[in-house]
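Following: one structure in structure tokens, then a few remarks.
Residue numbers (our numbering): 1147 to 1294.
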């Protein structure tokens, strides 16, 4: 049996590999307000060359980051490399269920800075999905790869 803990990414080498291997990032909890982290972090990542796919039922159909927002991860037009989640920890088990029910699997699920749910992380890691908790993609990208 695979040791699921190896899918919990906490080291710089693992984080850098995620950034280098990924091209498409779905952003669950995407926001329209430019001052919101769930808007400016994906905007930064888009400027670095990543394709951003916003997910938020309240904004479904609205264009963010030059792409139409979808209501749920299951509504994405196809597989993504990373599902980045900007939602409170109590919602993470439901998002893990939604991700695990997909016909495809993301390589990574990234819980944004301040967001942690060990039970949801374990479920995803047991499915051999890499999981990052309580980290922000923007400063980690800047620190590890620098702006493009």
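Glycine residues also receive a C-beta, built at the ideal position from the N, C-alpha and C atoms.
Can you check DSSP and say which residues form a bridge with residue 1198?
-> Position 52 of the chain shown, counted from the first residue, corresponds to residue 1198. DSSP output for residue 1198 lists 1171 as bridge partner(s).
Contact check, residue 1219 vs residue 1174, beta carbons under 8 Å = Your numbering for residue 1219 matches position 73 in the chain shown. Your numbering for residue 1174 matches position 28 in the chain shown. Contact flag set, yes.
Identity of the residue in 1206, 1277, 1271, 1153 nearest residue 1259 by Cα = Position 113 of the chain shown, counted from the start, is the residue given in the question as residue 1259. Here the closest residue by C-alpha is 1277.
According to DSSP, what are the bridge partners of residue 1254?
-> The residue labelled residue 1254 in the question sits at position 108 within the chain shown. Looking at the DSSP assignment, residue 1254 forms a beta bridge with 1228, 1276.
Would you call residue 1250 buried or exposed, if buried means 16 or more other Cβ atoms sit within 10 Å of its Cβ?
-> Translated into the one-based positions of the chain shown, residue 1250 becomes position 104. The residue is exposed, with fewer than 16 neighbouring Cβ atoms inside 10 Å.
Compare the C-alpha of residue 1187 against each of 1282, 1170, 1240 and name the closest.
-> Working through the chain shown from its first residue, we reach residue 1187 at position 41. Per the Cα distances, 1282.
Taking residue 1242 and residue 1154 to be in contact with their CB atoms under 8 Å, please state how far apart those CB atoms are, rounded to whole angstroms.
-> What you label residue 1242 is simply residue 96 of the chain shown in a count that begins at 1. What you label residue 1154 is simply residue 8 of the chain shown in a count that begins at 1. Contact doesn't hold; Cβ gap of about 14 Å is too wide.
DSSP three-state call for residue 1209: helix, strand or coil?
-> Locating residue 1209 in the chain shown gives position 63, where the first residue counts as 1. It is a strand residue.
From residue 1232 to residue 1257, what distance separates their C-alpha atoms?
-> Start at 1 with the first residue of the chain shown, and residue 1232 comes out as number 86. Start at 1 with the first residue of the chain shown, and residue 1257 comes out as number 111. Spanning the two alpha carbons is a distance of roughly 7 Å.
Got a sec, what are the start and stop residues for the alpha helix (DSSP H) residue 1261 sits in?
-> On the chain shown, position 115 is the one that residue 1261 refers to. Run containing residue 1261: none; DSSP gives neither H nor E here.
The alpha helix (DSSP H) enclosing residue 1186, as first and last residue numbers = Translated into positions along the chain shown, residue 1186 becomes position 40. Residues 1183 to 1193.
Along the chain, where does the alpha helix (DSSP H) that runs through residue 1288 open and close?
-> The residue labelled residue 1288 in the question sits at position 142 within the chain shown. Unbroken alpha helix (DSSP H) run through residue 1288: 1283 to 1290.
Would you say residue 1273 and residue 1248 are within 8 Å of each other, going by their C-beta atoms?
-> Taking the first residue of the chain shown as 1, we reach residue 1273 at position 127. Taking the first residue of the chain shown as 1, we reach residue 1248 at position 102. Cβ atoms of residue 1273 and residue 1248: not closer than 8 Å.
The alpha helix (DSSP H) spanning residue 1240 covers which residue range?
-> Indexing the chain shown from 1 puts residue 1240 at position 94. 1238 to 1246 is the extent of the alpha helix (DSSP H) around residue 1240.
Could you say which of 1164, 1157, 1159, 1289 lies nearest to residue 1275 if we only look at CA atoms?
-> For the purposes of this step, residue 1275 is identified with residue 129 of the chain shown, where counting begins at 1. Residue 1164 is the option with its Cα nearest to residue 1275.
Taking the Cβ atom as the reference point for each residue, do residue 1226 and residue 1171 lie within a distance shorter than 8 Å?
-> Residue numbering aside, residue 1226 sits at position 80 when the chain shown is read from its first letter. Residue numbering aside, residue 1171 sits at position 25 when the chain shown is read from its first letter. Going by C-beta atoms, residue 1226 is nearer than 8 Å to residue 1171.
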